[in-house]
Amino acid sequence: MISPRALPVAAAAAVAALIVAVADPAAALVRSTNVFASNRLRSAVPDAAFVFTPGAPANLRQLPFGSLSLGAVDQHPVLGGADTQMAYTVASIHPGATLPAHLHPRATELDYIVHGTIQTVIVEENGSGRSTIVVKAAAGQLSVIPEGLIHSQTCVSAEPCRFVATLNSADPGTLLVGSSVCALPDFQVAAALGNGFSPAAARAFCAGGVL
-18 MISPRALPVA AAAAVAALIV AVADPAAALV RSTNVFASNR LRSAVPDAAF
32 VFTPGAPANL RQLPFGSLSL GAVDQHPVLG GADTQMAYTV ASIHPGATLP
82 AHLHPRATEL DYIVHGTIQT VIVEENGSGR STIVVKAAAG QLSVIPEGLI
132 HSQTCVSAEP CRFVATLNSA DPGTLLVGSS VCALPDFQVA AALGNGFSPA
182 AARAFCAGGV L
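Using our numbering, you'd call the opening residue of the sequence shown number -18 and step up by one each time.
Here is the structure:
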């Protein structure tokens, strides 16, 4: 408890602090909010962690159409910073091969083409004026895929294709369309396929190795 004799001193100190805060409100704000600020968190990360080399064995997926080198918050924690929130994929696709239809539920994708020519087909949401968006992007160009829309990329050049996909989420998520539909019960898969598919036919369809 402050003694009566000390009250004038305490009051003077409080007034002085108030004057400083009013004179430099930005400094006062920084001091009060900087405890868990992004720059404080970044200071704990070494400089080398801000540079990535795609293709590390732990992050590389060899697939029938080519390969994918993945980079998200679990591979690179710095991508999960409050002011970063990014992920990337480096995709290499054989000539004529197709990256299976998929979507990212939490991210928009921006693709930079390094080699070859990529044709991207994006499926529009129901009720749109067109059913698909079809674009071709050559080396040095970019294409964008809106968040949550089904899309598929095909290498339409004679040479192998390579592109870098950046996504505006540290955890964009990926849903492969075929295997996601086939995760439903047979009768629901049959309803999704339509055209008189029976549950048995739907089961046979999914058993064929849908991606």
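For each residue, glycine too, the CB sits at the ideal point set by N, CA and C. What you are looking at is a predicted structure, and each value in this text was computed from that prediction instead of being measured.
Please state whether the Cβ-Cβ distance between residue i and residue j is less than 8 Å.
i: residue 131; j: residue 118; result: no
i: residue 153; j: residue 88; result: yes
i: residue 85; j: residue 158; result: no
i: residue 199; j: residue 148; result: Since the first and last residues shown for the chain are -18 and 192, residue 199 lies out of range.
On the premise that residue j lies in contact with residue i, defined as a C-beta separation below 8 Å, what is that separation, rounded to the nearest angstrom?
i: residue 97; j: residue 143; result: 7 Å
i: residue 19; j: residue 53; result: That pair is no contact at about 18 Å.
i: residue 60; j: residue 151; result: 5 Å
i: residue 92; j: residue 146; result: 5 Å
i: residue 133; j: residue 81; result: 6 Å
Where do the N-terminal and C-terminal ends of the beta strand (DSSP E) with residue i fall, by residue?
i: residue 194; result: This structure leaves residue 194 out entirely; the chain is present only between -18 and 192.
i: residue 42; result: 41 to 44
i: residue 52; result: 47 to 52
What are the boundary residues of the alpha helix (DSSP H) that residue i is part of?
i: residue 168; result: 167 to 174
i: residue 186; result: 180 to 188
i: residue 62; result: Taken as a continuous stretch (DSSP letters only), residue 62 belongs to no alpha helix (DSSP H), as it is neither H nor E.
i: residue 19; result: 19 to 23
i: residue 158; result: 158 to 163
Classify residue i as helix, strand or coil using the three-state DSSP reduction.
i: residue -2; result: Summary for residue -2: the model assigns pLDDT 49, below 50, so the residue's position carries little reliability, and this model does not support an answer.
i: residue 81; result: strand
i: residue 144; result: strand
i: residue -12; result: For residue -12, the predicted model reports a pLDDT of 45, less than 50, meaning its position is unreliable; a value from the coordinates is still stated below. Residue -12 falls in the helix class under three-state DSSP.
Pair every Cβ in the segment 23 to 38 with every Cβ in the segment 109 to 116, then say whether three or more of these pairs are closer than 8 Å.
no
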